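Data block below; observations after.
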Amino acid sequence: MFADEMSSTSTGTSQTISSTTSLFSDVANGFWAEKHIYKLAAEGIILGDAGKFRPGDVVTQQEAITMAIRLMNLESQLGNGSKVPADLKVGNYFKPYLELALSKNLLDKNEEIAATADKESWGEKKATREWVAKILVRALGKDAEAKASATLSTGFADQSSISVNARGYVNVAVQLKITTGVEGKKFDPQGKVTRAQMAAFLSRGSEYISANYKNAYEGIVTNLTGDRLTLYANGQTKTFALDNRTAYFAKDSEVKINKSQLKLYTKVLAVDKAGSAAYVEIIDPAEQLDSVEGTMLRILGDNRLLLLVGNEPETIVYDDSTVFLDQSGKAIKPANLQPDTKMVVKRETYSGQHRPIIIQSTVLSKNGTGVIEAVYADGNTVTIKDQDGTTGKYEVDKNALLQYQNQLMSLSELQKGAAVQYTVKNSVLVSLKVTGSTERALEGTLLEIGTDANMLTIKRSGGALETRLLDDKPVIKIAGIANPGIDDLIADLNNGDQVKLTLNSTDVVTGIEVLGRNVKHLKQATVVSYDTKLQALMVMDSEGKPHAFTLDDKTEAYYDSDYDDLDLDELEDLLTKNRIVNIAYLGDRVVSVQVIYKYVGKFVEADTSNKEIVIEVEGELLRLPYNSSLDMEISGKSKPTFNDFSKGDPVVAVLDSRQDKVELLGLRISKQFEVAYVNASSDRIGISKDNFSNYIYVKDARFLDNNGNVIKLSDLHEGDTISIDFEGLTAVKVKRVNSPR
């Protein structure tokens with residue numbers, strides 16, 4: 001077919017369509033020929049009727065020839081139609097068009113008369129596909145090419161159905177990519193042409209003629225606002241209004257685009273309708289500018305600056321319309337440019353004057369004053385809001401001079417809101433001085449806390465000591481400790497906390513944040529003894545070396561799982577001789593105790609000769625003895641054996657009460673089910689899966705919603721989809737995946 005409905009398949013590219021009011025009520029957004037209809041309607045080549053286009057109506061021959069004359073922009077040459085042959089009957093309106101078409105050889109009079117039956121109206125005959133191919137190729141001035149290719153194969157399966165005198169025209173139309181074919185590699189020469197198809201034929205054909213429509217302007221976008229578009233076209237500027245009736249397209253696409261894709265200094269076609277742009281098409285999205293890079297030597301005055309390009313000085317003359325930008329694209333004044341600033345000058349290529357349009361520094365050198373908006377110590381950058389309201393983000397040189405009241409400071413000690421003076425060279429911040437601040441920060445190792453907790457001393461990274469008064473109620477932050485106090489801080493000459501102090505305007509410490517601790521770990525320790533009165537714990541490590549510690553009210557205690565906390569009384573009851581524990585400590589103080597009753601890891605092998613199970617836990621291989629009555633559990637499998645466990649399988653090895661042998665080996669697995677019912681009083685959930693129903697005890701499980709928030713068993717409902725994590729046959733976690741509610 002010609003480029004009609006079947007060629008409108010989307011490429012799959014997602015984009016936002018321009019919000020426009022449809023020109024014709026029967027041409028919906030996204031209609032395959034929308035672009036061609038909008039364009040030709042704006043140019044006046046195809047007209048509508050009472051707000052409708054009637055895209056599916058078949059085109060008559062008199063309508064088609066009228067459109068072809070308009071495409072060629074020949075309406076100014078129309079006569080009165082008196083020379084139309086009597087044998088070619090047309091409506092009175094169309095006679096001047098037929099007359100001109102015959103004189104321009106768009107039609108062969110004898111051929112048309114021969115193809116018209118007696119008493120048949122030539123003008124009201126339905127235009128066929130091969131007939132439209134002939135008049136369109138002739139309208140494009142390609143008649144000679146058509147005659148030269150008349151003997152060539154069209155490549156269509158129904159070539160024999162194409163009239164001999166039309167084959168050359170079909171060939172040319174194919175070569176110009178105005179036609180393709182219909183299903184089955186056919187051309188369907190006698191098929192009728194709709195108005196939508198005719199719009200597509202003419203629109204694509206317009207690429208091969210220079211009709212110079214009086215309301216169509218192709219030029220460069222020199223100004224673009226929310227409701228105005230200015231083009232430089234044919235040596236002058238033309239401004240169009242933009243409104244919700246303006247349709248936006250791109251040359252390489254037949255789908256509407258958003259107005260935001262229209263850019264300055266690109267080449268576009270705009271079709272004017274009563275001062276407004278009815279149709280805008282991006283012809284070339286590339287900026288029609290050239291550029292030169294260099295280093296600014298100095299401002300000369302009189303709108304001139306001296307640029308070193310290569311090794312040669314070049315004077316750049318600019319005017320009031322020239323835009324000056326910094327390296328981030330923000331507008332600046334020429335006076336803000338510093339000598340030795342590297343810059344790029346973009347000049348227009350369309351007027352012949354080669355005027356500078358944009359002068360942009362590619363690196364920034366400046367002195368400034370402002371306020372700290374953000375500090376990114378890890379990324380070594382800082383954001384500063386200048387006095388004029390502009391904001392800049394700068395990389396901080398590794399040797400930058402950072403000061404507060406003539407004292408050196410680190411970047412991480414710089415606080416948001418501090419007033420600063422700074423210097424940037426080649427886009428890198430090289431110096432900064434805090435001139436005013438409501439708060440500031442100091443970082444270092446906590447060495448000492450005063451006996452009355454009224455002052456503290458830290459050692460800075462450079463070795464300098466800083467002693468500061470403490471506020472009555474400083475805010476203290478220590479990860480993992482709720483509501484920490486001064487007593488939770490570790491002050492030590494060698495292993496003190498790494499802290500960040502917040503100081504107010506009078507240099508009093510109002511906040512202390514622990515950034516790091518020298519916490520040490522002792523794994524697989526065996527309890528030797530515990531004195532509840534002294535809270536003294538003695539253990540032996542895996543190599544037989546004894547260690548003595550003290551516990552206090554801040555000591556954390558838990559089983560293997562991080563959500564099963566113990567209070568101190570519960571912990572003390574468990575610290576019996578030969579109990580195996582993991583200990584985290586600072587000096588002789590126990591920070592946390594983990595009571596081991598199971599190991600979670602990956603199955604490696606079962607050594608049945610030595611009755612040992614080998615599992616990998618946190619990268620270490622553990623050989624765990626098992627007792628003769630070892631239970632093995634896999635959810636959904638009856639009486640599993642070691643053969644049912646593969647290397648790498650996630651497993652849990654539960655120890656017996658003496659913690660010296662494994663009494664249960666379970667596969668850790670997750671399964672999804674649909675909730676059939678919930679019985680909170682008996683701690684079980686009825687489940688169904690693959691037409692199988694059962695129930696599961698969930699007494700030891702945690703319950704989470706689909707966002708990971710803790711919920712109760714009673715919060716689950718019939719129809720919920722849940723995921724259950726099993727350790728063997730024990731459900732340890734139930735998470736709601738989705739709910740029909």
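For the sequence shown, UniProt numbering assigns the number 1 to the initial residue and increments by one for each residue that follows.
Even for Gly, the Cβ is constructed at its ideal location relative to N, Cα and C.
Bear in mind that the values here come from a model prediction, so they are computed numbers and not experimental data.
Span of the beta strand (DSSP E) around residue i
i: K661; result: K661 -> no beta strand (DSSP E), and no H or E assigned at all.
i: V382; result: 381-386
i: D326; result: Segment: none, D326 is in no beta strand (DSSP E) and carries neither H nor E.
i: G636; result: Segment: none, G636 is in no beta strand (DSSP E) and carries neither H nor E.
i: R129; result: Counting along the chain, R129 falls outside any beta strand (DSSP E), though it belongs to the alpha helix (DSSP H) covering 129-139.
i: Y530; result: 520-531
Start and end residues, alpha helix (DSSP H) containing residue i
i: residue 804; result: Residue 804 lies beyond the range of the chain shown here (1 to 741); nothing can be said about it.
i: F201; result: 195-205
i: Y97; result: 95-103
i: T66; result: 61-71
i: V172; result: 167-175
i: residue 744; result: Nothing in the structure corresponds to residue 744, since the chain is present only between 1 and 741.
Option nearest residue i by Cα separation, candidates the options
i: A286; options: T390, T349, L140, G392; result: T349
i: D378; options: L447, N367, S412; result: S412
i: A199; options: K39, V84, N92; result: K39
i: L503; options: N454, K473, T451, L442; result: L442
i: T230; options: Q498, L621, S276; result: S276
i: T222; options: Q288, V174, R54; result: Q288
i: D720; options: N707, S76, V509, S739; result: S739
i: E556; options: T532, Q524, V593; result: V593
i: R70; options: L106, K177, D26; result: L106
i: P546; options: E616, Q524, E63; result: Q524
i: L432; options: T451, E466, E395, I449; result: E395
Per-residue burial, residue i [other beta carbons within 10 Å of its own, 16 or more giving buried]
i: A335; result: exposed
i: Q353; result: exposed
i: I220; result: buried
i: P356; result: buried
i: H36; result: buried
i: Y422; result: buried
i: N171; result: buried
i: A418; result: buried
i: P55; result: buried
i: Q405; result: exposed
i: S361; result: buried
Contacting residues, own chain, Cβ-Cβ under 8 Å from residue i (five flanking each side not counted)
i: K712; result: A680, F703
i: L88; result: L98, K109, E112, I113, T116, W122, G123
i: V710; result: R702, F703, L704
i: V528; result: M538, V539, M540, P546, K577
i: S203; result: K35, H36, K39, L40
Cut-off 6 Å between Cβ atoms - residues of its own chain near residue i, not counting five sequence neighbours on either side
i: E444; result: Glu is not the amino acid found at residue 444; the sequence shown has Gly there. Counting only Cβ-Cβ distances below 6 Å, and skipping sequence neighbours, we find I458, K459, R460.
i: S291; result: V344, K346
i: K735; result: L704, S723
i: V323; result: I358
Rounded straight-line distance, which links the Cα of residue j to that of residue i
i: E663; j: I580; result: 16 Å
i: D243; j: D227; result: 6 Å
i: Q672; j: E605; result: 28 Å
i: S542; j: G686; result: 46 Å
i: T246; j: Y279; result: 6 Å
i: I17; j: K259; result: Note that I17 has pLDDT 44, beneath the 50 cutoff, so the model's placement of it is unreliable and the number below is only indicative. The alpha-carbon atoms of I17 and K259 are separated by roughly 9 Å.
i: V499; j: I512; result: 7 Å
i: R517; j: G636; result: 45 Å
i: A86; j: I135; result: 21 Å
i: F726; j: M538; result: 36 Å
i: E218; j: L306; result: 35 Å
i: S82; j: N92; result: 10 Å
i: I209; j: G141; result: 8 Å
i: N80; j: K185; result: 44 Å
i: A331; j: A64; result: 54 Å
i: S10; j: T194; result: Confidence is the limiting factor: at S10 the pLDDT is only 34, short of 50, which leaves the residue's position unreliable, though a coordinate-based value still follows. Near 21 Å, if we compare the C-alpha coordinates of T194 and S10.
i: D302; j: Q338; result: 17 Å
i: A150; j: S22; result: 42 Å
i: L469; j: D452; result: 11 Å
i: T179; j: F201; result: 8 Å
i: L264; j: S351; result: 15 Å
Close-in-space but distant-in-sequence residues of the same chain around residue i (CB under 7 Å, 5 per side omitted)
i: V363; result: Q327, T341, K342, N426, S427
i: N694; result: I687
i: L571; result: A557, V593
Heavy atom of the ligand COA within 8 Å of residue i beta-carbon
i: L470; result: The ligand content of the structure shown is nil, which means the ligand COA is not present either.
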